[in-house]
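Colleague:
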Amino acid sequence: MTFKSIMDEIENNLHIILDGLGVSNILFTVEPAKSGFGDVTSNISFLLAKPLKKSPQEISNTLSEKYSQFNHTLVSKVESHPSGYLNFFANWEKLNQLILSESNLDSFGSVDLGKNSTIVVEHTSVNPNKALHIGHIRNIIVGDTISRILEKSNYKVNVLNYVDDSGLQVADIIVGFKHLGFSQDPPEGKKFDHYCGDDVYVKTTEKYEQDSSLEEIRQKILRELEDGTSEIAQFADEITAKVLENQLETCWNLGVTYDCLNYESQIIRSGLWSKIFEKLQTMNLIEFEKDGKNSGCWVIRGEGKEEDKVIVRSNGTATYIAKDIPYAAWKLGVLEDPFNYKKYKKAQTGSRTLWQTTLDDSEEPKQNFAGDKVITVIDSRQTRLQKIITTLMAKFKSQSDAYVHLGYESVTLSANTAKTLGLDTQGRQAQMSGRKGLYVNADSVFDLLKSKTTEETAKRNPEMNSSEIEKIAHQISVGTLRYEMIKQDLDKIIVFDLTKSLSLEGDTAPYIQYTHARATRIIEKSGQNPSMDVDFSLLTDPNENNLVRMIGLFDLQVRDAAKNLSPKVISRYCYDLAVVFNSFYEQVKVLDLDEKNLIKSRLCLVHSFKITIERALDLLGIVAPDRM
RNA sequence: GGGCCCAUAGCUCAGCAUGGAUAGAGUGUUGGACUUCUAAUCCAAUGGUCAAGGGAUCGAAGCCCUUUGGGCCCGCCA
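Residue numbering for the first sequence follows this note's numbering, starting at 140 and increasing by one per position.
1. Any idea if M571 is buried or exposed, counting beta-carbon neighbours within 10 angstroms, 16 or more meaning buried?
2. Applying the 10 Å Cβ sphere with the 16-neighbour rule, what's the burial state of Q538?
3. Around the C-beta of G274, are 16 or more other C-beta atoms found within 10 angstroms, so that it is buried, or is it exposed?
4. Three or more C-beta pairs closer than 8 Å, one from the segment 318-330 and one from the segment 405-422: is that the case here?
5. For the segment 546-553 against the segment 456-472, are there 3 or more C-beta pairs whose distance is under 8 Å?
6. Leaving out five residues before and five after D715 in sequence, what residues of the same chain have Cβ atoms less than 8 Å from its Cβ?
7. Pull up the DSSP beta-bridge partners for K591, would you.
8. Could you check which residue in K189, P190, F228 has the C-alpha nearest to that of S203?
9. Which residue wins for smallest C-alpha separation from L239, given the options V673, Q614, F723?
10. Does the Cβ-Cβ distance between T284 and P706 come in under 8 Å?
11. H275 by DSSP, collapsed to three states: which one?
12. Under 8 Å between the Cβ atoms of Y294 and G253?
13. Tell whether a beta-carbon distance below 8 Å holds between F142 and N392.
14. Measure the C-alpha to C-alpha separation of V451 and E426 and round it to an integer number of angstroms.
15. Starting from P171, follow the beta strand (DSSP E) in both directions and report where the run begins and ends.
16. Please report the straight-line C-alpha distance between N230 and N684, rounded to a whole angstrom.
17. Helix, strand or coil: how does DSSP classify F321 here?
18. Straight-line CA distance for S264 to V179?
19. Judging by CA-CA distance, which residue of I625, D765, G455, S747 is the nearest neighbour of L237?
20. In chain order, what residues of the same chain have a beta carbon less than 7 Å from the beta carbon of C335, not counting five sequence neighbours either side?
21. Flag this pair as touching only if the segment 592-599 and the segment 519-532 have three or more C-beta atom pairs under 8 Å; answer yes or no.
22. Could you give the DSSP three-state label for E261: helix, strand or coil?
23. Hey, is the segment 696-705 in contact with the segment 285-292, meaning 3+ C-beta pairs nearer than 8 Å?
24. Taking three-plus beta-carbon pairs below 8 Å as touching, is the segment 614-624 in contact with the segment 758-765?
25. So what does DSSP say about F508, is it helix, strand or coil?
26. Contact check, D765 vs T654 under 8 Å by CB: the rounded distance?
27. Buried or exposed: which applies to G177, given that a residue is buried once 16 or more other Cβ atoms fall within 10 Å of its Cβ?
28. For a test of the three-state rule: what should DSSP assign to L686, helix, strand or coil?
29. Rounding to the nearest angstrom, what Cα-Cα distance links L643 and A612 in this structure?
30. Count the C-beta pairs between the segment 576-592 and the segment 626-645 that are closer than 8 Å, then say yes if the count reaches three, no if not.
31. In the DSSP assignment, what are the bridge partners of V298?
32. Do you know how far the Cα of D147 is from the Cα of K728?
33. Can we say the segment 241-251 touches the segment 344-364, given the rule of at least three CB pairs closer than 8 Å?
34. Measure the alpha-carbon distance for H544 versus V513 and round it to whole angstroms.
35. Using only the alpha-carbon positions, how far apart do G566 and L577 sit?
36. Span of the beta strand (DSSP E) holding C399?
If you want it as structure tokens, here you go:
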């Protein structure tokens, strides 16, 4: 058990006291106290003030008196604070042992929210016509972090990446290659995805404005893309496969992996749409318009004042949102799966096998990536459309939260960064635009970080060989980028600034990683293996207790993060844990003590911290080096 | 015109779900700490009408209403 043990003990005892007082239905809180107010605190007296017609202070006096007479094992003292709060002080000898032993288990921090049910997390889902930019990275990191947190919460997670390989954006680069004479080979030293995005895509869309005849060609190519047998479709398959491979390299480099790639082209060609279309009709979820502005179309009725949404045009073709419906239904397993599966041509880092759908025969066994629930990570500009999908899926599954759209605000460019890209915004932030070439590629940011961290690491570790420096710089760069993408709430815009995002001090991943290096060094230098067979009563310093307490809060934080789908909860926890360790580090010596037993006890604590920060950072996809 | 989101220290953000103690961090500025378990660190000072107004409450940064400012969305585009 963790710090939750003492909270549970207090809560149970308070309930018994309430029963004795003949009061029930009081939803009091029992939570970790702010520093200076004991270890655990409860607001119970405030809530009792009205029913008992006494002041909170009087009540907390009574309660603390009653509580003292109770059996309590983990509480050493109860205090009635003049403010009215009831504050509890822990029996640290017992709690130390409880929390530090627990922290050594592999399952430390795990919570059972999922009951081993299957959940789908879809993220990334970028058109395969360009390199990933910093805005895509927020989606990817949020999705990957959520997946990790859900796995820790006992969900079986299927991570999907939807490859929109037949849309307009793909048609655009095909126009560039086939009609504007762009070479299929990128210039020397340039990745193919960067070339397609920076050069082919941007310059082709520029040409549309000058040459209106291109628009016809574009539409023709778009139609050919949907027909898998055309020569254009096959050419496009080759191009998008190359771009996708480059995009995946960027993701893998950041420690992000997937279970399956779903291709939009295959969903279209599989006929899933007609099955869903039938289902929508039989369930009366769509209506055919005989007159009005949407005459001849199938529509979903808008709720309240919302406009109706056209699903099938009067010419019989499906709209953009319509294409999302079969995929959403497929993710929830409400349709018979038309796909076969084969392994992706390259292995990803780590143990996860990457599959992809295919409509061809496959020697591989049939896979199942559907889930009882689905989380789709898409930026909040799509909220309106996602709400329609959510409503439909709730009806398909008869469960309101079967399909969850996890939205987040976009990443914009700071005025300064926009200026370096050639756009003067007069001091205002700027929306990124792939079409206008106004974006910062993820790979470029990573390279900048990498060269800076390489330099810093080399400076601090003059004796270190270059491959070790490279490895450490990599871990710090990945950590820094990932941490910047999730440390704030999903509903806050991230204003990306090329200079400021390179900071490695303060509330950043390197700050947290550094504490791990410090802890590792202490253990190394001690020359002994940390043991659990120590005297826990020796850990009495407030700095030690604060550290134990913070370690013991891990599972509560995981629960909070998973329940609220809020990755930043874990990033804050990591930061708070690091702060408490740093203050321990400054004020409590571990080595060079006369008392050998005290060294052992403190080593046990340091080791516990080390493995806990490792596990917590792992939920963020961040690896902490032993030295830095 | 309709809808969603945001507003807390000079700047970037926690806290808001579940109202209660001195509203916290980072960064910036100023000063201090490396012969010590690594200074990517720590300590101190500085800095707040919690956008404004109203309401309910014993009590509001938080809940309700209104207003202002900013962002986004509202196509038989994707």
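Just so you know, even glycine gets a beta-carbon here, dropped at the ideal spot from N, CA and C.
Modeller: Straight from the coordinates:
1. buried
2. Per the 10 Å Cβ criterion, exposed.
3. buried
4. Three or more beta-carbon pairs separated by less than 8 Å are not found between the segment 318-330 and the segment 405-422, which leaves the two stretches without contact.
5. no
6. M689
7. Answer by DSSP bridge pairing: none, since K591 is not bridged.
8. F228
9. V673
10. yes
11. helix
12. yes
13. no
14. 10 Å
15. 169-171
16. Going by C-alpha positions, N230 is about 10 Å away from N684.
17. coil
18. 44 Å
19. S747
20. N268, K269, I312, V382
21. no
22. strand
23. yes
24. yes
25. coil
26. Not quite, the Cβ-Cβ distance comes to about 12 Å (not below 8 Å), so this is no contact.
27. Around the beta carbon of G177, 16 or more other beta carbons lie within 10 angstroms, which makes this residue buried.
28. helix
29. Computed Cα separation, rounded: 12 Å.
30. The segment 576-592 makes contact with the segment 626-645, as at least three CB pairs between them are under 8 Å.
31. V260
32. 33 Å
33. No, because fewer than three Cβ pairs between the segment 241-251 and the segment 344-364 fall closer than 8 Å, the two stretches do not touch.
34. 8 Å
35. 16 Å
36. 399-402
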